[in-house]
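If you're matching them up, the sequences are chains A and B in order.
The first sequence maps to residues 1 to 412 in UniProt numbering.
The second sequence maps to residues 1 to 350 in UniProt numbering.
Everything on this sheet refers to the single structure shown next.
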Amino acid sequence: MSCKFCVFSTLPLLFVLTTAAIATDDIHVVPGPNAAEELQEALITAEPGSTISLAEGTFNLSDGLSLDVPDVTVRGAGMGRTVLSFGDQKAGGEGFLITSDNITLEDFAVLNARGDGIKSKGADQISYRRIRVEWTGGPNEKNGAYGIYPVESKNVLVEDSVVRGASDAGIYVGQSENIVVRNSTAEYNVAGIEIENSKFADVYGNTVTRNTGGILVFDLPNLPVMGGHSVRVFKNRVIDNDTPNFAPEGNIVGMVAKGTGIMVMANRNVHVFDNVLKNNGTVHVLIATYPNEFDDDNYVPHPRGVLVRDNTYGEGGAEPDGEVGKIISDVTGKPVPDIVWDGVVPLTEWLSWTAAEDRIYINETDGTTFANLLMIQNTLYPWSTSPDRDIADYAGALPEPKEVALPQLQGQ
Amino acid sequence: MIVRALLATALWLTALSHAWADTVDDAALMASKPARMLSEYGLFIDLRNQVPNVGVLPYDLVTPLFTDYASKLRFVYVPGGKSARYSQREVFEFPVGTVLIKTFAYPSHLDRPDEQIRLIETRLLIRQENGWKAWPYVWNEEMTDARLKIAGKRMSISFARADGSQLDIDYAVPNANQCKGCHALNGEITPVGPNARNLNRDYDYGGAVKNQIKMWSDLELLKNAPDASELQRATDWSDRNEPIDERARSYLDVNCAHCHRKEGPASNSGLFLTAWEEDRTAWGYRKRPVAAGRGSGGLDFDIEPGNAERSILLYRMRSSDPAIMMPELGRSLVHEEAVEMLAEWINGLN
Numbered sequence: 001m002s003c004k005f006c007v008f009s010t011l012p013l014l015f016v017l018t019t020a021a022i023a024t025d026d027i028h029v030v031p032g033p034n035a036a037e038e039l040q041e042a043l044i045t046a047e048p049g050s051t052i053s054l055a056e057g058t059f060n061l062s063d064g065l066s067l068d069v070p071d072v073t074v075r076g077a078g079m080g081r082t083v084l085s086f087g088d089q090k091a092g093g094e095g096f097l098i099t100s101d102n103i104t105l106e107d108f109a110v111l112n113a114r115g116d117g118i119k120s121k122g123a124d125q126i127s128y129r130r131i132r133v134e135w136t137g138g139p140n141e142k143n144g145a146y147g148i149y150p151v152e153s154k155n156v157l158v159e160d161s162v163v164r165g166a167s168d169a170g171i172y173v174g175q176s177e178n179i180v181v182r183n184s185t186a187e188y189n190v191a192g193i194e195i196e197n198s199k200f201a202d203v204y205g206n207t208v209t210r211n212t213g214g215i216l217v218f219d220l221p222n223l224p225v226m227g228g229h230s231v232r233v234f235k236n237r238v239i240d241n242d243t244p245n246f247a248p249e250g251n252i253v254g255m256v257a258k259g260t261g262i263m264v265m266a267n268r269n270v271h272v273f274d275n276v277l278k279n280n281g282t283v284h285v286l287i288a289t290y291p292n293e294f295d296d297d298n299y300v301p302h303p304r305g306v307l308v309r310d311n312t313y314g315e316g317g318a319e320p321d322g323e324v325g326k327i328i329s330d331v332t333g334k335p336v337p338d339i340v341w342d343g344v345v346p347l348t349e350w351l352s353w354t355a356a357e358d359r360i361y362i363n364e365t366d367g368t369t370f371a372n373l374l375m376i377q378n379t380l381y382p383w384s385t386s387p388d389r390d391i392a393d394y395a396g397a398l399p400e401p402k403e404v405a406l407p408q409l410q411g412q
Numbered sequence: 001m002i003v004r005a006l007l008a009t010a011l012w013l014t015a016l017s018h019a020w021a022d023t024v025d026d027a028a029l030m031a032s033k034p035a036r037m038l039s040e041y042g043l044f045i046d047l048r049n050q051v052p053n054v055g056v057l058p059y060d061l062v063t064p065l066f067t068d069y070a071s072k073l074r075f076v077y078v079p080g081g082k083s084a085r086y087s088q089r090e091v092f093e094f095p096v097g098t099v100l101i102k103t104f105a106y107p108s109h110l111d112r113p114d115e116q117i118r119l120i121e122t123r124l125l126i127r128q129e130n131g132w133k134a135w136p137y138v139w140n141e142e143m144t145d146a147r148l149k150i151a152g153k154r155m156s157i158s159f160a161r162a163d164g165s166q167l168d169i170d171y172a173v174p175n176a177n178q179c180k181g182c183h184a185l186n187g188e189i190t191p192v193g194p195n196a197r198n199l200n201r202d203y204d205y206g207g208a209v210k211n212q213i214k215m216w217s218d219l220e221l222l223k224n225a226p227d228a229s230e231l232q233r234a235t236d237w238s239d240r241n242e243p244i245d246e247r248a249r250s251y252l253d254v255n256c257a258h259c260h261r262k263e264g265p266a267s268n269s270g271l272f273l274t275a276w277e278e279d280r281t282a283w284g285y286r287k288r289p290v291a292a293g294r295g296s297g298g299l300d301f302d303i304e305p306g307n308a309e310r311s312i313l314l315y316r317m318r319s320s321d322p323a324i325m326m327p328e329l330g331r332s333l334v335h336e337e338a339v340e341m342l343a344e345w346i347n348g349l350n
């Protein structure tokens, strides 16, 4: 008798405990008339350690979403099934803003945000996995600037994701460190993937196509974080980048010529290898100095320590586009060589020499074409300067940065 | 003897805290979950008429943040026996238990600010043990109380401007995260307004006019403040008698620098608009945009000296498109009077 009593009394208690545990660890949000408020409230009241599940369907949102609780997973039912639609967005610089650490975003789509798609700022350990960010009307200067946009962040992972239509860069990692961007697709953006003012980045296994420019590794002046370095760009497919530049005027990517494959501007210790580059009409690989005037004593505008090796080159350089395309092809003629360096070095180095670790190195199979535009000489004595096409002079090696290890990938 | 003295002190402190607790509910303020209704905190004797309770002091700023022409009623509450620490440059360091209260309201006609006032929302910044908490409360139609709206709210509001034209706006009450969009330093929620420069002005305390810093010091809400005569003062941006350079920098400081500073949410832009920023590229002078997207409007510089029309700063202040407008939050209208003043400033730069 007493024993039965025990069983009956503990059963409801167990039940209560179990449901309570589910309630704190997992929050389900379903599309519907109040979904926007429910979702934002869930993002604010979530406890660290919890998962917010988004059901299949379309969430119509008129304000940007934001998450500031650490250690949270936001998971949809698939990048084709769960859609956060911002077509009617009235405010917010981005669709979804993340400002906390240890966040995983998985399996949903952000469509037609007025500004940037998903931005994570100052976040340590941020993972974007199977995320789609898209502007569904195709390339348009009214589209938002960046699709997936981690900035001032540490330990950034972007994988198996898709970005289309960004009027600046599809996947843009800025002022960050420890970065992996892999196995993702960037298409119909101005820049497919951009790593800017960042250090320790691995960009690999991506398909970057139908953008204006494929993959950009840039360093810009007058920013709190400068001196980008140690970037590896490898095993990417950078093909058919042929969308006319649709960046709003005044943006630095506005200068990127249609049909630029991989471009390294400023930066140090950048390794470009094992990529497939095809049908990029201006140039497959461009290594360049920051072209604008600047007022910043701490900024180095020249690329240093760049190694380009073992890439596969298809057709390209036949239709150099825009101002940059013209500057290059005026010097090299058409088709533009596979790899072009503007040859601009600091004046002191131009008058003497460049240290071994700061030079530009090219190790490619026979038949790969190259030009050093020798732009300083070209500007000083245009009548007697022709580009240096002797690729063999640039053979050499640079110590490669270590593989980027991310804490969120440990144990996988 | 010592024990006795300690006991006496303890009793006195207890009595004091009880005297305050009868008015403002400190326990409600310190609870981990925010109260559902504004009335639960006991911050006001008369909610509808915004009559503050004992210990809750109204204040005003020299140059306020623009929020779609809303009137703002500001109050500070510091628990009895505690005081804020003075800082020359930053917002004062307020003790645990402090509440900064800001009620947003619209008169039906901007020209008659004291008539037919509709209370919209009251935002609380509460200093708890583990930092500041930001909670928005939205007023009911009858203006009897305001309810917590963690996820924010959109409201239709109409009022008449000084020129008689009617304005209908889609007012946005920010959610708790959006509060942090402006109120953040180094990733932590921080008050924006009550610093020495911006508080250094007279206030009418029901007939007794007194400098606010002096009043706060006299009430021991504030410690270590120098004499009012030694204090710096923010420039009232709307005061035409002040130098245009100071009016402009003061406006930008209050309206932009909470984000646009090295420790703020817009640090990645490299555009730093604090009143004390001396690196002219950093405050925008011939500074190129970084990640502005459409916000650059095809223009080359944040501030192109001598050419307001070619300056991104004004382009973004004139826009109401979410992808372009600055500030990103807190307004749906253009602050035309300020835009005009800033244009005059930029056109005069060389």
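Where is the CB? At the ideal position from N, CA and C, for every residue including glycine.
All values reported here derive from a predicted model rather than from experimental measurement.
- For Ile244 (chain B), the three-state secondary structure derived from DSSP is helix.
- In this structure, the straight-line span from the alpha carbon of Glu141 (chain A) to that of Ala247 (chain A) is close to 6 Å.
- The C-beta separation of Glu230 (chain B) from Asp236 (chain B) comes to about 20 Å, leaving the pair out of contact by the 8 Å criterion.
- Counting only unbroken stretches of 3 or more residues, the beta strand (DSSP E) elements lying wholly within the region 299–384 of chain A are 304–309, 339–341, 360–363, 370–372, in sequence order.
- Chain B has a Cβ within less than 8 Å of the Cβ of Gln175 (chain A).
- Contact of Thr281 (chain B) with chain A by beta-carbon distance below 8 Å involves Asn222, Asp295, Asp296.
- Looking at the DSSP output, Met265 (chain A) sits in a beta bridge with A:Phe218, A:Ala288.
- The shortest CA-to-CA distance from Asn177 (chain B) to any of B:Asp145, B:Asn200, B:Ala134, B:Val334 is the one to B:Ala134.
- In this structure, Gly213 (chain A) places its C-beta atom within 8 Å of the C-beta atom of Asn241 (chain A).
- Against Ala145 (chain A), the close residues of chain B are Ala291, Ala292, Gly293, Arg294, Gly295, Ala323, in the order they occur along the chain (beta-carbon pairs closer than 9 Å).
- CA-CA distance, Thr243 (chain A) to Arg210 (chain A), rounds to 6 Å.
- Rounded to the nearest angstrom, the Cβ distance from Asn178 (chain A) to Leu409 (chain A) is 11 Å, too far for a contact under 8 Å.
- Looking from the CA of Gly295 (chain B), the closest CA among B:Gly306, B:Glu278, B:Ala275, B:Met325 belongs to B:Met325.
- Among the CB atoms of chain B, one or more fall inside 8 Å of the CB of Thr45 (chain A).
- Against chain B, the CB of Ala91 (chain A) has a partner CB under 8 Å away; the residue lies at that interface.
- Look at Trp345 (chain B) here: in three-state DSSP terms it is helix.
- Remark: C-beta atoms of Ser161 (chain A) and Ala123 (chain A) do not approach each other more closely than 8 Å.
- For Asn251 (chain A), the residues of chain B that pass the 8 Å Cβ criterion are Pro289, Ala292, Gly293, Ser296, in the order they occur in the chain.
- The region 187–204 of chain B makes contact with the region 83–98 of chain B; the number of CB pairs closer than 8 Å reaches 3 or more.
- In the displayed model, Lys180 (chain B) falls within a helix according to three-state DSSP.
- Its chain contains Met37, Leu38, Ser39, Leu47 as the residues whose beta carbon lies nearer than 7 Å to that of Asp145 (chain B), once the 5 sequence neighbours on both sides are disregarded; these appear in chain order.
- The C-alpha of Ser167 (chain A) lies about 30 Å from the C-alpha of Asn186 (chain B).
- Taking a C-beta distance under 8 Å as the contact criterion, Asn183 (chain A) and Asn197 (chain A) do not qualify as a contact pair.
- Residue pairing from DSSP places His271 (chain A) in a beta bridge opposite A:Arg232, A:Leu307.
- With a beta-carbon spacing of about 30 Å, Pro305 (chain B) and Gly181 (chain B) fall beyond the 8 Å limit used to define contacts.
- For Trp139 (chain B), there is no enclosing alpha helix (DSSP H); the residue is part of the beta strand (DSSP E) that begins and ends at 131–139.
- The three-state reading of DSSP puts Asn198 (chain B) in helix, counting H, G and I together.
- Comparing C-alpha distances from Asp393 (chain A) to each of A:Thr369, A:Pro70, A:Ile195 shows the shortest one belongs to A:Thr369.
- Along the length of the region 46–125 of chain A, whole beta strand (DSSP E) runs at least 3 residues long occupy 51–54, 57–60, 63–67, 72–75, 82–85, 91–98, 103–111, 116–121, reported in chain order.
- Contact of Gly187 (chain B) with chain A by beta-carbon distance below 8 Å involves Thr99, Gly122.
- For Ser217 (chain B), the enclosing alpha helix (DSSP H) begins and ends at 212–218.
- Taking 8 Å as the cut-off, the Cβ atoms of Asp342 (chain A) and Thr282 (chain A) do not count as close.
- Taking Asp170 (chain B) as reference, the option from B:Ser332, B:Arg261, B:Ala27 with the minimal CA-CA separation is B:Ser332.
- DSSP places Ala105 (chain B) within a strand segment (E or B) once states are collapsed to three.
- Only Lys149, Ile150, Ala151, Gly152, Lys153, Arg154 from the region 147–158 of chain B bring a Cβ to less than 9 Å from some Cβ of chain A.
- Those residues of the region 300–324 of chain B placed with their C-beta closer than 8 Å to a C-beta in chain A are Asp300, Ile312, Asp321, Pro322, Ala323, ordered along the chain.
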